[in-house]
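Going by UniProt numbering, 178 is the number at position 178 of the sequence shown; the sequence numbering is gapless. Using N, Cα and C, we set each Cβ at its ideal position, and we do this for glycine too. Single-structure report; data block below.
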Amino acid sequence: MNKLPAKLSTSNAHSKIILAGEHAVVYGKPAIAIPFPLKVSSTIERSRGNIIFESDIYTGFLDDMPLQLKGISNCIKQILNYLNKPISDLRIRIISSIPIGRGLGSSAAISISIVRSLFSFFGQKLTQKQLFSFVQVAENYAHGNSSGLDIMAELSEYPIWFEKRIGITYIKNQKPLYVVVADTGNSANTRVAVENVRKRYNDNPEKVQRILNKIEQITIDIKKALLKGNTDLVGRLLTYNHNELVNIGVSDKFLNKLVEKSLKAGALGAKLTGGGLGGCMIALAKDIEQAKIISNRLIKSGAYQSWYFSTNEDIVMEVK
């Protein structure tokens, strides 16, 4: 006998950062992602009539959601159909500290929190397989044929090693990483960046394949360095990864400027993260004090906002 639905249910999810391997992962290469403790919460409660969706970027009926949120709308409808519940009489409230369109996995995090809270609201058990499947509905709409990297990274409390055909393994890094994230203030143009790489590949497959192979080896070497606790080497490899991303045309002047400024401020390494052509960059610091210094330097250099955190703690500091 099913439990009676709760009157209110709230669930959370966290963000993610791609540490290495973005773009190459599209071509079957590995990537490394780490949890980023920016959070989103979704609250489900009873209401009357059409489903109402409330968030910072849209408040209104579920059926009237803008194009950028249609994947989430489809996800919600599929869940309710699966649970044999009417697509009505609910209010869904989203509170998120994850900026949208910056390559930090905001859409996946929102969807994860919604799936969890809907199943909890109706007193239903949720398996990881079901969770992944429903979130993938939203991700495929948002990104085309989603690799699943964002979802896997945001379901993990540890850094993950991801290969599209194989899945994930967890990386238990020997030392905490002190990470700085800076937001350019410009949306990451992931689709355009992916298309640009595809065009370059079609025009000059040998050259682009060499770059992708270099990124693959860098990603492998970063994994080895993490397992050995060699954060200095991780930092240098991050910068090498950025240089190869520049070579395939997915960085821009402002991202390059922030990478350069962070290195001058003493970062062990730095690179863009995510799709590129906007979005965010990351830097690796030797300790939390240096992370704060780098974060402040990036704000002074024009970053819209910045955060710093340690991978062994579930807190994040914001600098504006």
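Between the CA atoms of residue j and residue i - distance to the nearest angstrom
{"i": "Arg91", "j": "Glu163", "result": "37 Å"}
{"i": "Ser295", "j": "Ser47", "result": "43 Å"}
{"i": "Leu4", "j": "Val192", "result": "Here the model assigns Leu4 a pLDDT of 47, short of 50, so the residue's position is not dependable, and the following value carries that caveat. Taking the straight line from one Cα to the other gives about 47 Å."}
{"i": "Leu118", "j": "Phe61", "result": "17 Å"}
{"i": "Tyr158", "j": "Asp203", "result": "38 Å"}
{"i": "Arg236", "j": "Asp56", "result": "38 Å"}
{"i": "Leu227", "j": "Pro66", "result": "43 Å"}
{"i": "Val179", "j": "Ala153", "result": "16 Å"}
{"i": "Gln136", "j": "Ser147", "result": "9 Å"}
{"i": "Thr273", "j": "Asp314", "result": "20 Å"}
{"i": "Gly185", "j": "Val26", "result": "25 Å"}
{"i": "Lys125", "j": "Glu216", "result": "38 Å"}
{"i": "Leu258", "j": "Gly278", "result": "11 Å"}
8 Å contact criterion, which residue i and residue j should meet: CB distance rounded
{"i": "Leu177", "j": "Leu238", "result": "That belief does not hold up - the Cβ atoms of Leu177 and Leu238 are roughly 10 Å apart, past 8 Å."}
{"i": "Asn241", "j": "Ile218", "result": "5 Å"}
{"i": "Val194", "j": "Arg200", "result": "Wrong, their Cβ atoms sit about 11 Å apart, outside the cutoff."}
{"i": "Glu54", "j": "Arg93", "result": "4 Å"}
{"i": "Ile17", "j": "Ala31", "result": "That pair is no contact at about 11 Å."}
{"i": "Phe36", "j": "Val181", "result": "7 Å"}
{"i": "Ala109", "j": "Ile100", "result": "Wrong, their Cβ atoms sit about 10 Å apart, outside the cutoff."}
Environment of residue i [buried if 16+ CB atoms lie within 10 Å]
{"i": "Asn173", "result": "buried"}
{"i": "Ile171", "result": "buried"}
{"i": "Arg165", "result": "exposed"}
{"i": "Asn84", "result": "exposed"}
Option nearest residue i by Cα separation, candidates the options
{"i": "Lys77", "options": "Asn50, Asp56 and Arg102", "result": "Asn50"}
{"i": "Asp232", "options": "Ser15, Asp150 and Asp287", "result": "Asp287"}
{"i": "Trp161", "options": "Lys175, Leu104, Lys223 and Ser187", "result": "Lys223"}
{"i": "Ser88", "options": "Tyr304, Tyr27, Ile44 and Leu272", "result": "Ile44"}
{"i": "Leu268", "options": "Ala291, Asn196 and Gly275", "result": "Ala291"}
{"i": "Asn81", "options": "Glu139, Phe134 and His14", "result": "Phe134"}
{"i": "Tyr141", "options": "Ile110, Asn74 and Glu195", "result": "Asn74"}
{"i": "Ser107", "options": "Asn186, Lys261, Leu272 and Lys70", "result": "Lys70"}
{"i": "Phe309", "options": "Glu318, Pro30, Ile114 and Ser111", "result": "Glu318"}
Short CB-CB distance (under 7 Å) between residue i and chain E
{"i": "Ile222", "result": "The structure shown contains no chain E; it is built from a single protein chain."}
(request) Pick out the complete alpha helix (DSSP H) segments inside the segment 50-117, 4 residues or longer, and give them in chain order. (result) 70-82
(request) Could you pull out every unbroken alpha helix (DSSP H) segment of at least 4 residues lying fully inside the UniProt domain "GHMP kinase C-terminal" (223-300), listed in chain order? (result) 231-247, 253-264 and 288-300
(request) Let me know the beta strand (DSSP E) ranges lying completely inside the segment 129-164, each 3 residues or longer, listed in chain order. (result) 160-163
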